[in-house]
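Undergrad: One structure follows; several queries about it will come next.
Protein chains in written order, with the working numbering: chain A, 91 to 294; chain B, 91 to 294.
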């Protein structure tokens, strides 16, 4: 080993020792063990897929999972087909009325939202579920299809050990306040805007 | 129906018609069908889970998938256990040396990175794979464990139909340039900073 390389190795090791110290210290300071509420918001690609990645994570431990999807198109997308066909142990419910700009029917949408919410509310009251995903719930709040206070109460009062993932743009400051972790997925660029079609198995 | 409600319904319908027009127009203008490269970056929670959600999406259509993980801890996390145990059809390779701040050994890390890259390179040259995930690849570039140009060439020259997801903070402007879609996951807040422990089935 040359002197130069030896020095580089040593300086690397020193930096990594410091980094490890910092990381270990912050791991130690986190000591509260309970279910968490995660809000995935923002205008970028990756919110729903991230929620489904956490479903896979939970299933890896044999956890009990419920997925409730608000809005969504009339056709099942890949991850939904997978859940339906490969994961009968997951409770899976989809509003399935199509996007609200397709239905163009406010009263019909509200009725469907209420029906879907009833399924969500049941899961949020059932401590058997380790993980509940409420995909695109935020739109139900921004369109005022659901009563905000009722929704926030149910999220807040869920079982202590239950984790929860909520996805969708917006959702309001009270939802963000209630969440333990909030990630904003920002679109830096999107293939779509370059004329590339949405891709099966990646985009839907 | 009162006049007020009727008016509200009508105004809603008008707004939704306009929205549908805009959405339909942009769908129509996207006409190029090919595999896409997606970069999930930023400091927030949700990058790896989003990549695994896309794996589930692809599996829903029976697509062929390869997942190569750079860095990562010595214990498999939930989604990795799931892939290993439930998805033998997925090619899954993990560098598995632990985080670089744990190993504190630069030469050893570089050798492991090279070995892992060889697996990635093989998948990127094999048009059987519909989707390739390179989890935490960006750190290999920022630590200069891998030759940047060699990596960029392999990503760029992958089969036309193959989609690719790269995750990790940073990664540099050339990688972002090469990607079709870039999402930056921003940490707005994290449970961790409130003293809440990382949660099994959600965080790992």
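Idealized CB from N, CA, C, for every residue including glycine. Fair warning: this is a prediction, and the values are worked out from it, not measured in the lab.
Can you pull the chain B neighbours of residue 125(A), defined as C-beta to C-beta under 9 Å?
TA: Per Cβ cutoff of 9 Å: 289 and 292.
Undergrad: Check whether the region 259 to 269 of chain B touches the region 124 to 139 of chain B, taking contact to mean three or more Cβ pairs, one atom from each stretch, closer than 8 Å.
TA: The region 259 to 269 of chain B, when compared against the region 124 to 139 of chain B, does touch it at the 8 Å Cβ threshold.
Undergrad: For the region 141 to 161 of chain B against the region 178 to 185 of chain A, do three or more pairs of beta-carbon atoms, one drawn from each stretch, fall closer than 8 Å, so that the two count as touching?
TA: Counting Cβ pairs under 8 Å, fewer than three are found: no touch.
Undergrad: Can you tell me which of 143(A), 273(A), 100(A) and 292(A) puts its alpha carbon nearest to the alpha carbon of residue 270(B)?
TA: That would be 292(A), whose Cα lies nearest to the Cα of residue 270(B).
Undergrad: Could you round the C-beta distance between residue 286(B) and residue 120(A) to whole angstroms and report it? I think they count as a contact, below 8 Å.
TA: Right, their Cβ atoms sit about 6 Å apart.
Undergrad: Using a 10 Å radius around the Cβ and a threshold of 16 neighbouring Cβ atoms, would you call residue 232(A) buried or exposed?
TA: Exposed is the call here.
Undergrad: Output needed in chain order: residues of the region 256 to 281 of chain B with a Cβ under 8 Å from some Cβ in chain A.
TA: Those would be 266, 269, 270, 271, 272, 273, 274, 275, 276, 277, 278, 279, 280 and 281, in chain order.
Undergrad: Under 8 Å, do residue 203(B) and residue 166(B) count as touching if we go by C-beta distance?
TA: Going by C-beta atoms, residue 203(B) is not nearer than 8 Å to residue 166(B).
Undergrad: Give me the chain A residues within the contact set of residue 246(B), using Cβ-Cβ distance strictly less than 9 Å, ordered along the chain.
TA: Correct list: empty, because the minimum Cβ distance to chain A is about 15 Å.
Undergrad: For a cutoff of 8 Å on Cβ pairs, would you count residue 186(A) as touching chain B?
TA: Cβ-Cβ to chain B under 8 Å: no for residue 186(A).
Undergrad: To test your reading of the DSSP string, which unbroken beta strand (DSSP E) runs of 3 or more residues are found completely within the region 216 to 292 of chain B?
TA: List check, beta strand (DSSP E) in window: 221 to 225, 253 to 257 and 271 to 279.
Undergrad: Can you list, in chain order, the residues of its chain with a C-beta nearer than 6 Å to that of residue 152(A)? Leave out the 5 residues immediately preceding and following it.
TA: Nothing meets the Cβ criterion.
Undergrad: In chain B, which residues lie with their C-beta within 8 Å of the C-beta of residue 227(A)?
TA: Ordered by position in chain B, no residue passes the 8 Å Cβ test against residue 227(A), which lies about 16 Å from the chain.
Undergrad: Apply the 10 Å Cβ neighbour rule to residue 246(A) and answer buried if 16 or more other Cβ atoms are within range, or exposed otherwise.
TA: When all chains shown are included, residue 246(A) counts as exposed.
Undergrad: With residue 155(A) as the anchor, note down where its alpha helix (DSSP H) starts and where it stops.
TA: Segment 155 to 159 is the beta strand (DSSP E) holding residue 155(A); no alpha helix (DSSP H) there.
Undergrad: Shortest alpha-carbon distance to residue 220(A) belongs to which of 274(A), 255(A) and 284(A)?
TA: Closest option to residue 220(A), Cα to Cα, is 255(A).
Undergrad: In this structure, does DSSP put residue 142(B) in helix, strand or coil?
TA: Helix.
Undergrad: Taking all protein chains shown into account, do 16 or more other C-beta atoms lie within 10 angstroms of the C-beta of residue 217(A), making it buried, or fewer, making it exposed?
TA: It counts as exposed.
Undergrad: Our contact map puts residue 273(B) next to residue 135(A) with C-beta atoms below 8 Å; I'd like the distance itself, whole angstroms only.
TA: Confirmed, about 5 Å.
Undergrad: Apart from the five residues just before and just after residue 154(A), which ones in its own chain have a Cβ nearer than 7 Å to its Cβ?
TA: Counting only Cβ-Cβ distances below 7 Å, and skipping sequence neighbours, we find 218, 219 and 220.
Undergrad: Looking at the strands, I want to know which residues DSSP matches up with residue 131(B).
TA: According to DSSP, which records beta bridges pairwise, residue 131(B) is partnered with 274(B).
Undergrad: Taking C-beta pairs closer than 8 Å, name the residues in chain B that residue 103(A) reaches, listed in chain order.
TA: Neighbours of residue 103(A) on chain B, chain order: 194, 195 and 196.
Undergrad: Measure the C-alpha to C-alpha separation of residue 144(B) and residue 139(A) and round it to an integer number of angstroms.
TA: Distance between the alpha carbons of residue 144(B) and residue 139(A) is about 6 Å.
Undergrad: Shorter than 8 Å from the beta carbon of residue 232(B) to some beta carbon of chain A?
TA: No, because no Cβ of chain A sits closer than 8 Å to the Cβ of residue 232(B).
Undergrad: Any idea if residue 281(A) is buried or exposed, counting beta-carbon neighbours within 10 angstroms, 16 or more meaning buried?
TA: Its Cβ being crowded by 16 or more others within 10 Å, residue 281(A) is buried.
Undergrad: I think residue 194(A) touches residue 251(B), with their Cβ atoms under 8 Å apart; what is that distance to the nearest whole Å?
TA: That belief does not hold up - the Cβ atoms of residue 194(A) and residue 251(B) are roughly 36 Å apart, past 8 Å.
Undergrad: Can you give me the Cβ contacts of residue 127(A) inside the same chain, cut-off strictly under 6 Å, excluding the 5 residues immediately before and after it?
TA: So the list reads 254, 269 and 270, once near-sequence residues are dropped.
Undergrad: Return the first residue and the last residue of the beta strand (DSSP E) that residue 183(B) is part of.
TA: Residues 181 to 184.
Undergrad: Answer with buried or exposed for residue 137(A), where buried requires no fewer than 16 other C-beta atoms within 10 angstroms of its C-beta.
TA: Its Cβ being crowded by 16 or more others within 10 Å, residue 137(A) is buried.
Undergrad: Roughly how far, in whole angstroms, is the beta-carbon of residue 228(B) from the beta-carbon of residue 261(B), given that I think they are within contact range, below 8 Å?
TA: About 3 Å; that satisfies the 8 Å criterion.
Undergrad: Name the two residues that bound the continuous alpha helix (DSSP H) containing residue 171(B).
TA: Its alpha helix (DSSP H) spans residues 168 to 176.
Undergrad: What does DSSP give as the partner residue(s) for residue 122(A) in the beta ladder?
TA: For residue 122(A), which the question treats as bridged, DSSP gives the partners 286(B).
Undergrad: Identify the continuous alpha helix (DSSP H) that holds residue 198(B) and give its terminal residues.
TA: Run containing residue 198(B): 196 to 214, per the alpha helix (DSSP H) assignment.
Undergrad: Any Cβ of chain A within less than 8 Å of the Cβ of residue 148(B)?
TA: Yes, residue 148(B) lies at the interface with chain A (some Cβ there is under 8 Å from its Cβ).
Undergrad: Can you find a C-beta in chain B that's less than 8 Å from the C-beta of residue 170(A)?
TA: Yes, because at least one Cβ of chain B sits closer than 8 Å to the Cβ of residue 170(A).
Undergrad: How should residue 240(B) be labelled, buried or exposed, when 16 other C-beta atoms within 10 angstroms of its C-beta is the threshold for buried?
TA: So residue 240(B) ends up on the exposed side.
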